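So the sequence shown is numbered by the numbering used here: it starts at 1033 and just counts up by one. Glycine residues also receive a C-beta, built at the ideal position from the N, C-alpha and C atoms. The structure presented is a predicted model; accordingly, all values stated were derived computationally and were not measured. Reading through the structure tokens given below for one structure.
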Amino acid sequence: MSNSLVNISFLTMILASFVYAVNNFTRRESLGKVFGYTGTMSLLLGLVLMTVAILLRWQEAQRPPFSNMYESLMLFSWSIILIYLVLEYVYKIRVVGALAAILAVTALAAASFFNDAIEPLVPALQSNWLTYHVITCFIGYAAFAISAGVSAVYVVLKLKGERSPVKGGTGKEAELKKVLQSFNYESIRFGFLFLGIGIITGAVWANEAWGTYWSWDPKETWSLITWIIYAIIIHFKYVSGRFGIKDLNMFTAVGSIVGFLAVIFTYFGVNFILSGLHSYA
């Protein structure tokens, strides 16, 4: 049942990515509103279906469904949709909706390559800290994914200038860039906070499981590297003038994209390339 709901959710996200994209390039405002609203409702439906699927899997497994790559990718997709919809509601823009939907679809598509069988937890994961640690980390990852999507849109607008394809023409472009800047920075701050909480809960859990808060395990190390990258981005918002950075917004956008590459390596690269205490994840 849960897998069927995930498949339906996958289709709603594909629909959302399409109608969001059409909304971005539709010149007729009334038609754009219809496509935009359809995209939002499609994503919201996908979020509801994914939530039910996760809860059903939780009930069936009698444990938090966050213990392997298949389950974590489901959580990643769910988190991306949730955070994007919250930010869309706050900032009232849908220009990055297609990218958010594509990211969520990509996560679910990647999940299909992994074993979806429900298996018992390995002893190291049999702790209440599993829920706190994994959920906070993945909310952080999802916020950084949204930030990378916003950054990509901002960079395209910046480089194309007057040739930007975004509807509304150059008259609305400055306003859109300003909103994207705020959208991006809030995503980074949100992700920075939750990844930080995830690192702290992971350290507490590690001390309970292995008797040490920090062991420089590859995933611990790369999580810290990722967190530091975003700490630098946030820090430079306040001290950029001292370092001669002329375009702080472009610096933030490029930094966000680099940071998300670090997230991807932390998530996938460490699991499949480097061995360590987190290899089971």
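Each residue's CA atom was taken as its position, placing Ala-1149 and Val-1290 some 34 Å apart.
The C-beta of Trp-1110 has 16 or more other C-beta atoms within 10 Å across all chains shown, which makes the residue buried. By the beta-carbon neighbour count (other beta carbons within 10 angstroms, threshold 16), Glu-1252 is buried. Residues Leu-1119, Tyr-1123, Ile-1125, Val-1128, Val-1182 of the same chain have their beta carbon placed closer than 8 Å to that of Phe-1215, with the five preceding and five following residues left out of the count. Looking at Phe-1145, Asp-1249, Leu-1075, the one whose alpha-carbon comes closest to that of Leu-1117 is Leu-1075. Ranked by Cα distance from Val-1286, the first of Asn-1239, Glu-1240, Leu-1191 is Leu-1191. Of all C-beta pairs linking the region 1213 to 1228 to the region 1152 to 1165, fewer than three are shorter than 8 Å, placing the two stretches out of contact. The criterion of a C-beta distance shorter than 8 Å is not satisfied by Met-1045 and Val-1185. In this structure, the CA atom of Ser-1288 is about 10 Å from the CA atom of Val-1295. In the structure shown, Arg-1060 adopts coil according to DSSP, grouped into three states. Comparing C-alpha distances from Trp-1246 to each of Ser-1255, Ala-1235, Glu-1240 shows the shortest one belongs to Ala-1235. Rounded to the nearest angstrom, the Cβ distance from Tyr-1052 to Phe-1108 is 19 Å, too far for a contact under 8 Å.
For Tyr-1270, the enclosing alpha helix (DSSP H) begins and ends at 1250 to 1271. Contact check for Gly-1078 against Ile-1113 passes: the beta carbons are separated by less than 8 Å. When rounded, the separation of the alpha-carbon atoms in Ile-1232 and Arg-1059 is 48 Å. Sixteen is the threshold: when 16 or more other Cβ atoms of the shown chains lie within 10 Å of the Cβ of His-1165, as they do, the residue is buried. Between Phe-1170 and Ser-1104 the beta-carbon gap is near 7 Å, inside 8 Å, which marks them as a contact. Taking Ser-1034 as reference, the option from Val-1080, Gly-1071, Ser-1049, Tyr-1069 with the minimal CA-CA separation is Val-1080. With a contact defined as Cβ atoms closer than 8 Å, Ile-1277 and Phe-1268 qualify at about 7 Å.
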